[in-house]
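K.L.:
Residue numbers (my numbering), protein chains in the order written: chain A, 83 to 316; chain B, 61 to 558.
Glycine included, C-beta positions come from ideal geometry on N, C-alpha and C.
Provided herewith is a single structure, encoded as structure tokens, for subsequent inquiry.
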């Protein structure tokens with residue numbers, strides 16, 4: 083537990099104002115799963131609140147990056163319904179393949195599969211094969227609160243505490259017949275309910291050239307002119 | 061004078077005379093046990109048993125041998141049988157069947173029966189070189205017999221003009237003993253048809269499985285699971301009393317309507333009786349999971365909504381699989397993530413619902429393509445990468461790794477500005493700059509950047525695994541990037557960088 087505290091955002095020597103978040107009480111910090119440092123500013127408590135549902139619009143590096151922080155910290159992560167999850171990229175972001183369970187095809191009994199996975203894993207990444215009826219959602223959320231885990235959902239989940247999506251992204255390094263993909267700069271926005279109601283938007287290197295996720299400084303953002311205009315306007 | 065040698069039948073399987081075929085030979089032994097329960101495995105590919113009793117039951121030695129070789133032929137194994145007085149002669153007879161001998165061939169059946177009392181005659185015709193064969197010293201069963209195994213002894217006899225065992229047997233025992241010592245004495249006794257050691261038969265394999273019958277059939281799974289706990293305790297006691305444990309355990313449940321559900325569970329000597337009962341519960345749960353459009357979450361009670369299981373369960377049987385000596389269990393010290401009970405229970409519950417292959421753990425390994433660098437291993441099995449991690453793997457695409465890797469590459473159409481398909485020649489020359497990417501009927505995306513082709517030609521020596529492909533990275537105007545490849549003239553989207 084001591085290790086987790088020392089790694090959490092506000093206990094680091096950096097001042098909390100720079101993080102852009104309010105100082106978090108230690109008691110509350112216990113109620114979150116850690117995320118990668120660059121993603122902390124997007125989440126209301128600087129981490130994934132236990133017992134909550136977080137959605138990401140599309141499956142990709144963003145949701146894998148969300149899971150990576152907790153996995154690197156020792157949590158088991160279950161991935162259900164995503165046969166195309168790129169585990170090599172996920173491992174590059176910090177997701178520990180040793181502590182990952184894959185259920186590529188949970189089938190029609192997916193609510194039971196997810197409930198079972200939540201019994202064993204603190205983090206479950208799910209793309210529901212079908213739109214979940216309200217009753218099934220509520221029962222899964224009850225299981226979630228009981229087990230104090232976090233459910234990351236690809237797609238829509240009414241009642242999710244936090245919703246993230248990528249507004250725009252641009253890759254660097256690729257020319258017209260030469261070069262190779264090096265890094266991607268993505269504009270990520272988060273909103274949600276309750277304490278997450280304030281919309282937060284950040285530019286991230288997802289991934290940076292070294293394979294990690296880091297915050298992008300405005301001068302570096304290599305996005306075509308029209309995107310830069312949008313940012314100024316917003 | 062020693063007692064007459066007993067009638068012995070030796071079965072020789074030429075195809076199984078190696079250490080790697082031990083499992084197949086074990087099946088042969090089991091097949092032979094059906095005819096004669098006390099069998100000795102002399103060496104890989106050779107087994108022996110007393111022929112007198114079974115031969116009387118099955119109507120003669122030839123008939124017995126014919127039945128046994130036929131039963132073994134059903135296993136796909138070729139075998140030869142020999143019957144004689146004593147183990148040594150029977151072994152030589154079994155080996156001699158392969159050689160075509162007009163005077164002893166008995167039909168098409170690969171059997172050579174030396175009639176009682178005529179063994180010395182048969183032996184007398186054998187060359188002395190048979191003494192140099194590998195298992196002969198084991199057949200003699202004497203301490204000094206180790207000397208027999210050497211090629212030297214047989215060669216020495218040949219040089220002295222003793223070409224057959226008959227020549228050796230004709231000498232007086234005292235002369236042989238004084239000239240050749242203990243080894244010579246052993247060889248002399250064997251040559252006269254004496255001195256084979258008695259058979260050391262293995263006891264028939266014990267049935268370590270345990271079963272419980274339910275009369276009347278038990279419709280609810282809860283009582284079955286309760287009985288399973290007691291059954292598991294009985295099985296563990298039975299194994300522990302013999303100093304054994306099992307790698308896996310098979311749970312079989314038979315329904316009143318005759319259907320049987322069987323599944324193997326990893327055991328490794330680690331499961332308690334309660335944990336094994338849990339496996340039974342999950343298995344029964346998984347069996348009864350109906351196929352409604354949307355299931356319910358609480359699958360903890362082990363019955364269908366109407367509380368029945370197709371007439372109920374009549375028999376529950378636990379069968380230990382791959383029984384091994386219990387050598388204790390050492391937890392991993394480091395380098396291996398210990399799977400906590402909580403995670404294992406969750407994973408196995410899902411396996412019980414969807415099957416063993418449905419819950420996977422990724423293993424990162426070596427390889428040139430992103431797809432082959434990740435091997436998915438079913439939960440509970442050994443995690444080992446298919447390709448070595450440490451090797452350099454030239455030809456890998458460096459830099460960013462795609463976050464989306466399709467299990468089956470998606471077919472795509474890539475065209476140039478003129479609308480013609482972009483092709484790549486065998487020398488990796490591209491026909492035109494790719495301009496449009498279309499896949500799965502989605503409106504074509506404008507390609508704003510690309511790189512490649514990066515050729516890959518691997519495993520040309522193995523026709524099944526050989527591949528030649530040219531890889532590209534494509535950037536489309538929606539801001540996404542793709543990993544594409546051209547193989548056999550077709551464009552494939554292997555993954556997406558997003």
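Using beta carbons (cut-off 7 Å, strictly below), is residue 463(B) in contact with chain A?
P.N.:
Indexing the second chain from 1 puts residue 463(B) at position 403. It does; some Cβ of chain A falls within 7 Å.
K.L.:
Any heavy atom of the ligand FMN closer than 6 Å to the CB of residue 179(B)?
P.N.:
Absence of the ligand FMN is noted for the structure shown, with no ligands found whatsoever.
K.L.:
Only counting the same chain, and skipping five residues up and downstream in sequence, which positions put a Cβ closer than 6 Å to that of residue 517(B)?
P.N.:
As a position in the second chain, residue 517(B) is number 457, starting the count at 1. Contacts found: 528.
K.L.:
Per DSSP, which one or two residues make a beta bridge with residue 321(B)?
P.N.:
Taking the first residue of the second chain as 1, we reach residue 321(B) at position 261. Answer by DSSP bridge pairing, in chain order: 313(B).
K.L.:
Rounding to the nearest angstrom, what Cα-Cα distance links residue 320(B) and residue 379(B) in this structure?
P.N.:
For the purposes of this step, residue 320(B) is taken as residue 260 along the second chain, with counting starting at 1. For the purposes of this step, residue 379(B) is taken as residue 319 along the second chain, with counting starting at 1. Distance between the alpha carbons of residue 320(B) and residue 379(B) is about 14 Å.
K.L.:
Determine, using beta carbons only, whether residue 546(B) comes closer than 7 Å to chain A.
P.N.:
Residue numbering aside, residue 546(B) sits at position 486 when the second chain is read from its first letter. Not one chain A Cβ lies under 7 Å of residue 546(B).
K.L.:
Is residue 231(A) near residue 200(A), with beta carbons less than 7 Å apart?
P.N.:
In the first chain, the residue the question calls residue 231(A) occupies position 149. In the first chain, the residue the question calls residue 200(A) occupies position 118. Taking 7 Å as the Cβ cut-off, residue 231(A) and residue 200(A) qualify as a contacting pair.
K.L.:
Answer with yes or no whether the minimum CB distance from residue 538(B) to chain A is below 7 Å.
P.N.:
Working through the second chain from its first residue, we reach residue 538(B) at position 478. Closer than 7 Å: no.
K.L.:
Classify residue 258(B) as buried or exposed, calling it buried when 16 or more other Cβ atoms lie within 10 Å of its own Cβ.
P.N.:
Within the second chain, residue 258(B) is the residue found at index 198, counting from 1. Residue 258(B) comes out exposed.
K.L.:
With which residues is residue 435(B) paired in a DSSP beta bridge?
P.N.:
Indexing the second chain from 1 puts residue 435(B) at position 375. 423(B).
K.L.:
Which residues in chain B have a C-beta closer than 8 Å to the C-beta of residue 185(A)? List them in chain order.
P.N.:
Within the first chain, residue 185(A) is the residue found at index 103, counting from 1. What residue 185(A) touches in chain B: 410, 414, 418, 419 and 420.
K.L.:
Just to confirm my understanding: we take residue 324(B), look at its own chain, exclude 5 residues before and 5 after, and list those with CB closer than 7 Å. What are they?
P.N.:
As a position in the second chain, residue 324(B) is number 264, starting the count at 1. Excluding sequence neighbours, residue 324(B) sits near 308, 310 and 381.
K.L.:
Give the range of the beta strand (DSSP E) segment to which residue 283(A) is assigned.
P.N.:
Position 201 of the first chain, counting from 1, holds the residue named residue 283(A). Here the beta strand (DSSP E) through residue 283(A) covers 282-287.
K.L.:
Which bits of chain A does residue 467(B) rub up against, with CB to CB less than 9 Å?
P.N.:
In the second chain, the residue the question calls residue 467(B) occupies position 407. Near residue 467(B) (Cβ distances below 9 Å), the residues of chain A are 165, 166 and 186.
K.L.:
For a minimum of 4 consecutive residues, which ranges assigned as the alpha helix (DSSP H) are wholly contained in the stretch 207-276 of chain B?
P.N.:
Within the stretch 207-276 of chain B, the complete alpha helix (DSSP H) runs of at least 4 residues are 211-219, 225-230 and 233-251.
K.L.:
Quick one: residues in its chain with C-beta nearer than 6 Å to the C-beta of residue 343(B), no 5 flanking neighbours on either side, listed in chain order?
P.N.:
Indexing the second chain from 1 puts residue 343(B) at position 283. If we look at residue 343(B) and ignore the five residues flanking it on each side, its Cβ neighbours are 311, 323 and 412.
K.L.:
Output the distance between the C-alpha atoms of residue 363(B) and residue 345(B), rounded to the nearest integer angstrom.
P.N.:
To locate residue 363(B), count along the second chain from 1; it is residue 303. To locate residue 345(B), count along the second chain from 1; it is residue 285. The predicted position of residue 363(B) is uncertain, since its pLDDT is 40 and thus under 50; no value can be drawn from it.
K.L.:
Considering only residues of the same chain and omitting the five flanking positions on each side of residue 461(B), which have a CB-CB separation below 7 Å?
P.N.:
Locating residue 461(B) in the second chain gives position 401, where the first residue counts as 1. Hits under 7 Å: 430.
K.L.:
Starting from residue 557(B), follow its DSSP beta bridges and name the residues at the other end.
P.N.:
Taking the second chain and counting its residues from 1, one reaches residue 557(B) at position 497. Its beta-bridge partners are 541(B).
K.L.:
Residue 143(A) versus chain B: which residues are under 7 Å apart at the beta carbon?
P.N.:
The residue labelled residue 143(A) in the question sits at position 61 within the first chain. Those are 463 and 558, listed as they occur along chain B.
K.L.:
Cutting at 7 Å between CB atoms, please list the residues of its own chain near residue 253(B), excluding the five before and the five after it.
P.N.:
Here residue 253(B) corresponds to residue number 193 of the second chain, with the count starting at 1. These residues qualify, in order along the chain: 65, 145, 146, 149, 179, 180 and 183.
K.L.:
With DSSP run on the structure shown, which of helix, strand or coil describes residue 490(B)?
P.N.:
Against the second chain, residue 490(B) aligns to sequence position 430. In the structure shown, residue 490(B) sits in a strand (DSSP, three-state: E or B).
K.L.:
Helix, strand or coil for residue 69(B) per DSSP?
P.N.:
Taking the first residue of the second chain as 1, we reach residue 69(B) at position 9. Three-state DSSP puts residue 69(B) in a strand.
K.L.:
Identify the continuous beta strand (DSSP E) that holds residue 385(B) and give its terminal residues.
P.N.:
Along the second chain, one-based indexing puts residue 385(B) at 325. Looking at the DSSP string, the run of the beta strand (DSSP E) that includes residue 385(B) is 373-385.
K.L.:
Using C-beta distances below 7 Å, list every residue in its chain close to residue 178(A), excluding the 5 sequence neighbours before and after it, in chain order.
P.N.:
Walking along the first chain from the start, residue 178(A) turns up at place 96. Contacts found: 153 and 154.
K.L.:
List the whole-angstrom C-beta distance separating residue 419(B) from residue 185(A), where the pair is believed to meet the contact cut-off of C-beta under 8 Å.
P.N.:
If you number the second chain from 1, residue 419(B) lands on position 359. If you number the first chain from 1, residue 185(A) lands on position 103. Indeed, because the Cβ distance is near 6 Å, the residues count as touching under 8 Å.
K.L.:
Helix, strand or coil: how does DSSP classify residue 524(B) here?
P.N.:
To locate residue 524(B), count along the second chain from 1; it is residue 464. Three-state result, residue 524(B): coil.
K.L.:
Does any residue of chain A bring its CB to less than 7 Å from the CB of residue 444(B)?
P.N.:
Walking along the second chain from the start, residue 444(B) turns up at place 384. False, the Cβ-Cβ gap to chain A never drops below 7 Å.
K.L.:
Is the stretch 259-276 of chain A touching the stretch 545-553 of chain B in the sense that three or more CB pairs, one from each, lie closer than 8 Å?
P.N.:
As far as the Cβ criterion goes, the stretch 545-553 of chain B does not touch the stretch 259-276 of chain A, which means the pair count is below three.
K.L.:
Check the Cβ-Cβ distances between residue 300(B) and every residue of chain A, and say whether any is below 7 Å.
P.N.:
Here residue 300(B) refers to the residue found at position 240 when the second chain is read from its first residue. With 7 Å as the cut-off, residue 300(B) does not count as an interface residue toward chain A.
K.L.:
Helix, strand or coil for residue 298(A), going by three-state DSSP, please let me know.
P.N.:
Taking the first chain and counting its residues from 1, the one referred to as residue 298(A) is at position 216. Three-state DSSP puts residue 298(A) in coil, outside helix and strand.
K.L.:
With a threshold of 7 Å between beta-carbons, can residue 501(B) be considered close to chain A, or not?
P.N.:
Walking along the second chain from the start, residue 501(B) turns up at place 441. By this cut-off, residue 501(B) is not an interface position.
K.L.:
Return the bridge partner residues of residue 159(A) from the DSSP annotation.
P.N.:
As a position in the first chain, residue 159(A) is number 77, starting the count at 1. 182(A) and 205(A), per the DSSP bridge assignment.
K.L.:
Roughly how far, in whole angstroms, is the beta-carbon of residue 492(B) from the beta-carbon of residue 473(B), given that I think they are within contact range, below 8 Å?
P.N.:
For the purposes of this step, residue 492(B) is identified with residue 432 of the second chain, where counting begins at 1. For the purposes of this step, residue 473(B) is identified with residue 413 of the second chain, where counting begins at 1. The Cβ separation is near 14 Å, so there is no contact.
K.L.:
Hey, is residue 148(A)'s beta-carbon within less than 7 Å of any beta-carbon in chain B?
P.N.:
Taking the first chain and counting its residues from 1, the one referred to as residue 148(A) is at position 66. No, residue 148(A) lies away from the interface with chain B (no Cβ there is under 7 Å from its Cβ).
K.L.:
Does the beta-carbon of residue 439(B) have 16 or more other beta-carbons within 10 angstroms, so that it is buried, or is it exposed?
P.N.:
Sequence index remark: in the second chain, residue 439(B) carries index 379 (1-based). Buried is the call here.
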